[in-house]
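The numbers in numbering that gives the first Met the number 0 rise by one with no breaks, and the one at position 100 of the sequence shown is 99.
For each residue, glycine too, the CB sits at the ideal point set by N, CA and C.
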Amino acid sequence: MENNISGPPLRGPKPGGTEPVAPISKARAAVLERLRSSAVPLTVDALAAETGQHPNTAREHLDALVAAGFATRTTAHRSGRGRPASLYAPAVPEQRPAGYAALAAALARHIASTSDDPAAAGDLAGRQWAHVLSGRAGAGTAGSAGTAGTGAASTCRTVPGPARRRRTRLNVAASLRDAGFGIQGNADATDFTLTTCPIVAAARENPAVVCAVHLGLVKGLLEGSGVPEDGVELVPFAAPGICTLRLPLAAAT
Numbered sequence: 000m001e002n003n004i005s006g007p008p009l010r011g012p013k014p015g016g017t018e019p020v021a022p023i024s025k026a027r028a029a030v031l032e033r034l035r036s037s038a039v040p041l042t043v044d045a046l047a048a049e050t051g052q053h054p055n056t057a058r059e060h061l062d063a064l065v066a067a068g069f070a071t072r073t074t075a076h077r078s079g080r081g082r083p084a085s086l087y088a089p090a091v092p093e094q095r096p097a098g099y100a101a102l103a104a105a106l107a108r109h110i111a112s113t114s115d116d117p118a119a120a121g122d123l124a125g126r127q128w129a130h131v132l133s134g135r136a137g138a139g140t141a142g143s144a145g146t147a148g149t150g151a152a153s154t155c156r157t158v159p160g161p162a163r164r165r166r167t168r169l170n171v172a173a174s175l176r177d178a179g180f181g182i183q184g185n186a187d188a189t190d191f192t193l194t195t196c197p198i199v200a201a202a203r204e205n206p207a208v209v210c211a212v213h214l215g216l217v218k219g220l221l222e223g224s225g226v227p228e229d230g231v232e233l234v235p236f237a238a239p240g241i242c243t244l245r246l247p248l249a250a251a252t
């Protein structure tokens, strides 16, 4: 008798950050870093123009990154005659030890069982994570999670222009990639899909804690930038294969 178990696909991103990483050259690593800093997939010509490389050299690096599992290649929609361009995007960026996800799950269980407000505790933990990533360790550790970003945001004395706000949003996306998320965004760097998550198993078990940590991480990365954290929207398990993240287009007032 055949045991055929089926069901709807799981919503949310795939596990990420556990693939083995092989050494690559400095030139190839620079190309990979450029892919990770882009909010949209890049063509060979676009990457060559941005890095000053010959297109053949850029293509060689990109194809090698794809073969090594560091990047993915898709085909753009045909817009005219000729072959459609290939689009390159980063794959999961770095290795996570097997115990990393287990530790995250244990910490999430502890917060969920001991905190009077697990979501607020997760938010504060995420903000502290952001401070470590941005070299501001110790900032915002006192006080509640709901006020952690207020003081930092008030230090931004001038309203940033559109280009600076977009750069800030791109930096947030790059930090999330470095933290182990697979992330893709639109040209304005306002709407993103999270395609992999380094601790998705822990998030499924305790979403109120883990997803609050991720939201706090994003808000912490925006502190002091002039991009308002009130407009940040993270939708966990929004659809099969993804979570969604929206960053505000307007400046804080």
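Measuring straight from C-alpha to C-alpha, what distance separates residue i and residue j?
i: residue 149; j: residue 53; result: Note that residue 149 scores 42 on pLDDT, short of 50, meaning its location in the model is unreliable; the coordinates nonetheless yield the value given after this. Taking the straight line from one Cα to the other gives about 46 Å.
i: residue 119; j: residue 161; result: 31 Å
i: residue 181; j: residue 46; result: 20 Å
i: residue 90; j: residue 34; result: 9 Å
i: residue 36; j: residue 163; result: 15 Å
i: residue 64; j: residue 72; result: 10 Å
i: residue 216; j: residue 57; result: 33 Å
i: residue 157; j: residue 176; result: 29 Å
i: residue 110; j: residue 208; result: 7 Å
i: residue 174; j: residue 132; result: 8 Å
i: residue 106; j: residue 76; result: 44 Å
i: residue 41; j: residue 192; result: 17 Å
i: residue 159; j: residue 214; result: 22 Å
i: residue 203; j: residue 108; result: 12 Å
i: residue 134; j: residue 196; result: 23 Å
In chain order, what residues of the same chain have a beta carbon less than 6 Å from the beta carbon of residue i, not counting five sequence neighbours either side?
i: residue 212; result: 121, 124, 125
i: residue 60; result: 27, 30
i: residue 235; result: 206, 210, 242
i: residue 230; result: 247
i: residue 103; result: 198, 201
i: residue 69; result: 31, 90
i: residue 128; result: 216
i: residue 117; result: 110, 111, 207, 208
What are the residues that DSSP puts in a beta bridge with residue i?
i: residue 190; result: 245
i: residue 182; result: 193
i: residue 72; result: 87
i: residue 41; result: 87
i: residue 233; result: 244
i: residue 238; result: 241
Taking all protein chains shown into account, do 16 or more other C-beta atoms lie within 10 angstroms of the C-beta of residue i, making it buried, or fewer, making it exposed?
i: residue 239; result: exposed
i: residue 51; result: exposed
i: residue 255; result: The chain is shown from 0 up to 252; residue 255 falls before or after that span and cannot be answered.
i: residue 233; result: buried
i: residue 43; result: buried
i: residue 205; result: buried
i: residue 82; result: exposed
i: residue 171; result: buried
i: residue 112; result: exposed
i: residue 178; result: buried
i: residue 48; result: exposed
i: residue 101; result: exposed
Measure from the alpha carbon of residue i to the alpha carbon of each residue in the options, then state which is nearest.
i: residue 194; options: 67, 237, 130, 230; result: 237
i: residue 251; options: 114, 227, 245; result: 227
i: residue 219; options: 246, 196, 201; result: 246
i: residue 184; options: 88, 128, 117; result: 88
i: residue 224; options: 100, 244, 249, 62; result: 249
i: residue 190; options: 244, 116, 203; result: 244
i: residue 222; options: 41, 108, 130; result: 130
Go through its chain and collect everything with a Cβ distance to residue i's Cβ below 8 Å, but skip five positions before and after it.
i: residue 186; result: 38, 39
i: residue 74; result: 83, 84, 85, 86
i: residue 272; result: Only positions 0 to 252 of the chain appear in the structure, and residue 272 is not among them; the question remains open.
Suppose the cutoff is 7 Å on Cβ atoms and the five residues either side in sequence are ignored; what does the same chain contact list for residue i look like?
i: residue 169; result: 36, 38, 188
i: residue 146; result: Note that residue 146 has pLDDT 42, beneath the 50 cutoff, so the model's placement of it is unreliable and the number below is only indicative. So the list is empty, once near-sequence residues are dropped.
i: residue 55; result: none
i: residue 261; result: The chain is shown from 0 up to 252; residue 261 falls before or after that span and cannot be answered.
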